[in-house]
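Written out below as structure tokens is the structure these notes cover.
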Amino acid sequence: MKGKIFTGTKLFLLSLLIGLMIVLPVSAQSYTFTQLDVSDNLHSTVAYGISNDGRVVGQYFFEGFPPYNTPQGFIYNNGTYTKYIPTGSSDTALMDINSAGTFVGRYVRNGAIRGIPINYLWYTTTIWKINELGEMLVRTIQRSGGKSVSREYIYDGQTFNLLTLPGTGYSSFGMNDARDIVGIYYPGGGQASRGFFYNGSTTTTFLYPNSVQTWARGINSDKKIVGTYCLNWTYATNSCLQDHGFIYQDGVFTSFDYPGASSTILQDINDAGQIVGTFNGKHGFIATPA
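In the numbering used here, the protein residues as written are 18 to 307.
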């Protein structure tokens, strides 16, 4: 199925000034939106990563009960979908791809979570990101002293370099060519989760104004960060009832929604400023600056 294309506009820019949220009048940035659906008879298509040359990877889910039965991976390139299903897998997700065509992610076989393309023999392995240098952001769960311990690494093709962030409560999801890391920080104590940026020495956290949760997922070479903020969280289902995308750069937030959508989740941004995500919980999309 081909992507559906139309144009739209970002709506407004938010900034923080002396502790107050203000709306700044700025010229709107126009985007061309391409809707991504692997097939019409699926439950949903989720876009996770985009390369600098515009290839997209993600995951698609079948209809049925439950609707998330046997999800599989896909690669989208210039209107064509290629499905990726490792032999014997019950759940596959492709998380990112670079311009060399190397894609990363994870799959489940016989209850074990294995990395793509690195199937290292930890308890679980997920490859979240790959940059243009071929470096990979890896999260593992390992057994230690009878307990499960989460560890993150940057894999450079030869060595797993342990990623050590200051403090605890960090989960990394995005990485650019400079090894800048973004993700989610969980402060605990009933406080809202927030996004974080780590440049190898210093960590900065940020919370979208008036949100109850903020998640950072992708970063490009210009240090533009994309993610999602939640305005209404329900603990009954442990989910967000009102989520929106954002772009964050130099301390300034820009709210970003797929036109007409009630829900928008942003996952990644490439060096050309193209953004991928999901809207209304069912459709993937590419947003390309006009």
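Built from N, CA and C at the ideal position, the CB exists for glycine as well.
Since the model is a prediction, treat every value here as computed from it, not as a measurement.
| task | Would you mind reading off the limits of the beta strand (DSSP E) that contains Pro306? | result | 300 to 306
| request: In the DSSP assignment, find the beta strand (DSSP E) that holds Val293 and state where it starts and stops. | output: 292 to 296
| query | Who are Gln259's beta bridge partners in DSSP? | reply | Per DSSP, none; premise fails for Gln259.
| Residue ranges of each beta strand (DSSP E) run of no fewer than 3 residues wholly in the segment 125 to 207, ordered along the chain? | 129 to 133, 141 to 147, 153 to 161, 164 to 172, 177 to 179, 187 to 192, 198 to 202
| Hey, is the segment 249 to 261 in contact with the segment 187 to 202, meaning 3+ C-beta pairs nearer than 8 Å? | no
| said: Considering only their Cβ atoms, is the gap separating Ile92 from Phe50 smaller than 8 Å? | reply: no
| field | Helix, strand or coil at Asp57 according to DSSP, with G and I counted as helix | value | Assignment of Asp57 by DSSP, reduced to helix, strand and coil, places it in the coil class.
| Can you name, in chain order, every residue of its own chain whose Cβ lies under 7 Å from the Cβ of Tyr275, other than the five neighbours on each side? | Phe50, Thr281, Phe296, Phe302
| Segment contact flag, the segment 107 to 124 with the segment 67 to 76, C-beta cutoff 8 Å, min 3 pairs | yes
| task | State the DSSP-derived secondary structure class of Tyr65, mapped to helix, strand or coil. | result | strand
| task | Please say whether Ser106 and Tyr77 have beta carbons closer to each other than 8 Å? | result | no
| message | Under 8 Å, Cβ to Cβ, is there at least one residue of chain B near Leu53? | response | The structure shown contains no chain B, having only a single protein chain.
| message | Using the Cβ count rule (16 or more neighbours within 10 Å means buried), how would you classify Asp267? | response | exposed
| message | Taking 8 Å as the threshold (C-beta atoms), are Leu180 and Ser189 in contact? | response | yes
| Is Thr62 buried or exposed, if buried means 16 or more other CB atoms sit within 10 Å of its CB? | buried
| In terms of alpha-carbon separation, which member of Asp260, Leu182, Gly235 lies closest to Arg292? | Sequence check: residue 292 is Ile here, not Arg. It is Gly235.
| Cα-Cα separation between Leu41 and Val269, rounded to whole angstroms | Its pLDDT being 30, under 50, Leu41 is placed unreliably in this model, and the value from its coordinates should be taken loosely. About 10 Å.
| request: Can you give me the Cβ contacts of Gly184 inside the same chain, cut-off strictly under 8 Å, excluding the 5 residues immediately before and after it? | output: Thr220
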